[in-house]
Structures are given as structure tokens and as C-alpha cells.
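Colleague: The sequence shown: position 28 = 27 (numbering that gives the first Met the number 0), numbered continuously.
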Amino acid sequence: MTKNIALIGFMGTGKSTVSHYLGKRMGLEEIEIDEMIVKAEGMPITDLFAKFGEAYFRDCESKAIQKLQDKKKAVISCGGGAVIREENVINLKKSSWIVLLDASPETILARVKDSTKRPILNGHMNVEYISGLMEKRRSLYERAADIKIVTDQKSVEAVCQEMLSMLSKLDGAES
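(1) From the DSSP output, in three-state form, read off L67 for me.
(2) With three or more C-beta pairs closer than 8 Å as the rule, is the stretch 23-39 touching the stretch 91-106?
(3) Do L6 and L100 have their C-beta atoms closer together than 8 Å?
(4) Can the beta-carbon of A144 be found less than 8 Å from the beta-carbon of V74?
(5) Could you give the DSSP three-state label for K62: helix, strand or coil?
(6) By Cβ distance, which residues of its chain are closer than 6 Å to M103, with the 5 residues on each side in sequence left out?
(7) What are the boundary residues of the beta strand (DSSP E) that D101 is part of?
(8) Would you grab the beta carbon distance between G79 and G131 for me? Rounded to a whole angstrom, and I think it's under 8 Å.
(9) Could you tell me how far apart the beta carbons of A63 and I32 are, in whole angstroms, since I believe they sit closer than 8 Å?
(10) Leaving out five residues on either side along the sequence, give the residues of the same chain with a beta carbon under 8 Å from the beta carbon of C159.
(11) How would you call N204, buried or exposed, if buried means at least 16 neighbouring beta carbons within 10 angstroms?
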């Protein structure tokens, strides 16, 4: 693989799970953008949102992504809203294949319903809200992605095999 793998998609589509599996399987460094932000800011994401708002968080996210431009041999798990800013997509594409992980709103709700670490969903933990927000972001996700993998009812291993098969074709075509 000549490039990093950057995972994008709505929360609950499997980015962290797939990142962890790929990191172990391929010996890639695992990088979680949200963890970079928590470390840099010294507080949880939910506190950042509450204290400074979403715009501040998005600034932190952009700075974290910018720092990764020269990174090699990594799998990068991006926050669900990373593609909202075009600069993030541009910076990710400099060194990464961008993989969109997708799932149905029902699957996402089932995966995140017990989490208190999803500030965007606080007070909106339902299929209708998730579906509406996904629809608002859909074109951004799809425009940014080099490939798309649907994760509904697939094991992490099956998702990774499908992804690596598709990426090897892209990687070979670019060489």
C-alpha cells in the first residue's frame, strides 16, 4: 500500500473498529483524530463542544488532520464531520486513500444508542435525526471518498477484506 488509509463516515459506521483491525493486521500505525484532539486540548470531546462549541472543535480537527500530511504507513480514523471542511479532504488526499464506511440509520442507532460520547446526538438519539444528518452529509462523504464500503451486517474482517481488495486495485492503478 503506497498511501495511508483514512476512514470517513458517519458515527457508528465502524471507523474505530476497522482502524484497530487494520492496524493490527497490516502493521499500520493507528491514528484516531478525536484522540489527537483530546490529547492536545486536555479534555473530552463532549466538554470541548459544551465549553467552546462545534466551530472550535472543527478548528481542532482541521489542525490535527493538517499535522498528518507527511505521515506514512498509518490508518487514520476521522471524526464523522471531518469532511464538512474541504481543507480536511484536500489534506487527507495528499497522503491517504479515503475510504467511506456507510451503514443504515437503524444500524447506526443500534451501535451508538448507549454512548454518551456523541455530542451531536445528545437529545436526538433516534433514526429520524440520524437519517436527516446523514443525508445532509452524504454528498460530502461521497465526493471525498475514493471507495465506499457498506458495513451493515458484515464482520470487521469482511469489511477489511472488501476494502483491501478495492484499494489494491486503486493502488496498482496509481503506481
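Glycine is no exception: its CB is placed at the ideal position from the N, C-alpha and C atoms.
Modeller: Looking at the coordinates:
(1) coil
(2) no
(3) yes
(4) no
(5) helix
(6) The residue asked about is misnamed: residue 103 is Ser in this sequence, not Met. Once the five neighbours on either side are set aside, the close Cβ partners of S103 are D151.
(7) S95 to D101
(8) In fact, because the Cβ distance is near 14 Å, the residues do not count as touching under 8 Å.
(9) 5 Å
(10) V17, Y20, L21 and R24
(11) Any answer about residue 204 is impossible in this case: the structure gives the chain only from 0 up to 174.
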